[in-house]
Amino acid sequence: MRDSPNIIITGTPGVGKTTHCELLSQRTGLRHLSVNQIVKDKGCHEGWDEEYSCWIVDEDRLLDSLEDEVPTGGCLIDWHACDLFPKRWIDLVVVLRVDSSTLYDRLNARGYPEAKLQENLDAELMDVLIQEAREAYDDEIVVELTSNTSEEMEENIDRIEEWIKRWKLDHGSS
Ligand code: ADP
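If you use the numbering used here, the sequence shown corresponds to residues 8 to 181, in order.
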C-alpha cells in the first residue's frame, strides 16, 4: 500500500529524536513529522499544563489530523510516545537511549523545571519508552539504539538509511 516506510523515532525528551529525524529527512527524503509541532499548530490539545510545561494532548484529534498524511507512507514520526499510532501505519520503531548523566546535561541545558527533569530521568532509567514500544508493536520492528555521542548518531543514521533502502527493495519501490 505504501511505497515508502513509516518510522517512529521515539524516546525520552532529550535523547536526540529531532536531530535524528532532521538528518534522516535530509538524507532519505522522508518527511519529518514533529508531533509536538502538529499538536500545537493544529490545536490537538486540551490546554497547557503549567506544572510540566507541555500541551495536554487530545489523542483522538491528533490521530484524526494524521490520518490523511501518515497511511500513505514516507513519514519519520518524532514523538516521546509511540503506542497510540495504529500498528498498520508503522513499519519500524526506533527507540533512542542515553546515559543518565548525558540526559541530565541535555535537559538541564534546556532549562527544564526540576520536577520535569527528574521525571524524564526516571522514565529513561526505568525503560518506560522501550517497554511501551515492545507492548504496542511486534518485537521484530522495534529497535533500540544509543544516542550519547555524535559518532553513535552517525552510525544510527547510516543503519536506518540502509534499513529504508532494503525496505524499498523488498517492497518493489526502490
Ligand atoms: P529530542 O528531540 O529527543 O528532545 P533533540 O534532538 O532536541 O532531542 O536533542 C537534544 C540535544 O541533544 C540537542 O542539543 C542535540 O544537539 C543533542 N544531541 C542529540 N543527540 C545527540 C548525540 N547522539 N550526540 C550528541 N548530541 C546529541
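No residue lacks a Cβ here, since even glycine has one placed at the ideal position from N, Cα and C. Remember, predicted model here, so these are calculated numbers, not experimental data.
Item	Value
Reduced DSSP secondary structure (H/G/I, E/B, other) of Glu151	strand
Own chain partners of Asn127 with C-beta closer than 8 Å, once the 5 adjacent residues on each side are dropped	Thr19, Pro20, Gly21, Leu110, Leu114 and Tyr119
Outcome for Leu37 when other beta-carbon atoms lying within 10 angstroms are tallied against a minimum of 16	buried
C-beta contact flag for Ser72 and Cys51 at 9 Å	yes
Buried/exposed call for Gly81, threshold 16 Cβ in 10 Å	buried
Inter-stretch contact (C-beta, 8 Å, three-pair minimum) for the segment 87-107 and the segment 122-136	yes
Three-state secondary structure assigned by DSSP to Ile16	strand
Within 9 Å, strictly: CB atoms of Lys49 and Leu69	yes
Closer than 8 Å: Glu159 CB and nearest the ligand ADP heavy atom	yes
Collapsed DSSP secondary structure at Arg3 in the structure displayed	Residue 3 lies beyond the stretch modelled for the chain, which goes from 8 to 181, so this question has no answer here.
Buried versus exposed, by CB contacts within 10 Å (16 or more), Ser180	exposed
Given Leu83 as reference, the closest of Asn13, Trp174, His178 and Asp177 once Cα atoms are compared	Asn13
Burial state of Leu30 (16 or more Cβ within 10 Å)	buried
Cα-Cα separation, Lys175 to Glu161	21 Å
Rounded straight-line distance, which links the Cα of Trp170 to that of Asp177	10 Å
Whole-number beta carbon distance between Leu103 and Leu16, since they are thought to touch under 8 Å	The sequence given here has Ile at residue 16, not Leu. Contact flag correct, Cβ pair sits at about 7 Å.
Reference Val77; option with closest CA among Trp86, Leu40 and Asn155	Leu40
Extent of the continuous beta strand (DSSP E) run through His39	Arg38 to Ser41
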